[in-house]
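Engineer: Each residue of the sequence shown is one higher than the last, beginning at 292 in this note's numbering. One structure follows; several queries about it will come next.
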Amino acid sequence: MTAMILFAFIAGMLVTLSRQLNGRLAIQTSALRSSFWNHAVGFGALAVVTLLAGSFWPEGASGAPWLAWVGGAVGVAFVGGGSWLIPRLGAAMTGGLLVAGQMLSGVAMDIARGQDAVLWMQVAGIALILGGVFLSRRR
Numbered sequence: 292m293t294a295m296i297l298f299a300f301i302a303g304m305l306v307t308l309s310r311q312l313n314g315r316l317a318i319q320t321s322a323l324r325s326s327f328w329n330h331a332v333g334f335g336a337l338a339v340v341t342l343l344a345g346s347f348w349p350e351g352a353s354g355a356p357w358l359a360w361v362g363g364a365v366g367v368a369f370v371g372g373g374s375w376l377i378p379r380l381g382a383a384m385t386g387g388l389l390v391a392g393q394m395l396s397g398v399a400m401d402i403a404r405g406q407d408a409v410l411w412m413q414v415a416g417i418a419l420i421l422g423g424v425f426l427s428r429r430r
């Protein structure tokens, strides 16, 4: 469990770094172009890793429901939105709001799936994240 927590923490740090880099590129170009290059370079890197791993088409992928394939389009909206927001709100506020949104949608998905959880604690967690965003805002 400790390794998974550490991995998630590091992945979160990398998301912030990615957003910051794409935000910088968006300042020089546009959020659309920055997002395009984020995905083009990401695709190239992923293609190399996938080829080294052995297969582009994972077993069972053909049986996945159509909705499972929408994640890429959602990712484009996430990257484009982050690229547009970073120069306007800053990294801390953008990152905090993204995390709050992720927490809110995660709680909603857990509820929809019937996961056991203490709802008031999850709502309190979202409120604490938003409180942190409020405290870190620019003046």
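Don't be surprised by glycine CBs; every beta carbon is placed ideally from N, CA and C.
#1: Given a cut-off of 8 angstroms, decide if Ser374 and Ala322 are closer than it, judged by their beta-carbon atoms.
#2: How close, in whole Å, do the beta carbons of Met384 and Arg428 come, if the pair is a contact with beta carbons under 8 angstroms?
#3: Put Arg324 into one of helix, strand or coil per three-state DSSP.
#4: Can you tell me which of the three DSSP states Phe347 falls into?
#5: Helix, strand or coil, according to DSSP, for Asp407 in the structure here?
#6: On a CA-only basis, which of Gly354, Val409, Val367 and Ile301 is nearest Ala331? Give me that one, please.
#7: What is the DSSP secondary structure of Gly381, reduced to helix, strand or coil?
#8: With the cut-off set at 8 angstroms, would you say Gly351 and Gly387 are in Cβ contact?
Structural biologist: Here's the rundown:
#1: If you number the sequence shown from 1, residue 322 lands on position 31. If you number the sequence shown from 1, residue 374 lands on position 83. Yes, the pair counts as a contact, with Cβ atoms nearer than the cut-off.
#2: Counting from one through the sequence shown, the residue named residue 384 turns up at place 93. Counting from one through the sequence shown, the residue named residue 428 turns up at place 137. That belief holds up - the Cβ atoms of Met384 and Arg428 are roughly 6 angstroms apart, short of 8 angstroms.
#3: In the sequence shown, counting from the first residue as 1, residue 324 sits at position 33. DSSP places Arg324 in helix when its eight states are reduced to three.
#4: Locating residue 347 in the sequence shown gives position 56, where the first residue counts as 1. Phe347: coil per DSSP, three-state reduction.
#5: Along the sequence shown, one-based indexing puts residue 407 at 116. Coil.
#6: For the purposes of this step, residue 331 is taken as the residue at position 40 of the sequence shown. Comparing Cα positions, the closest option is Val367.
#7: Start at 1 with the first residue of the sequence shown, and residue 381 comes out as number 90. Three-state DSSP puts Gly381 in coil, outside helix and strand.
#8: By one-based count along the sequence shown, residue 351 stands at place 60. By one-based count along the sequence shown, residue 387 stands at place 96. Cβ distance not < 8 angstroms, so Gly351 and Gly387 don't count as in contact.
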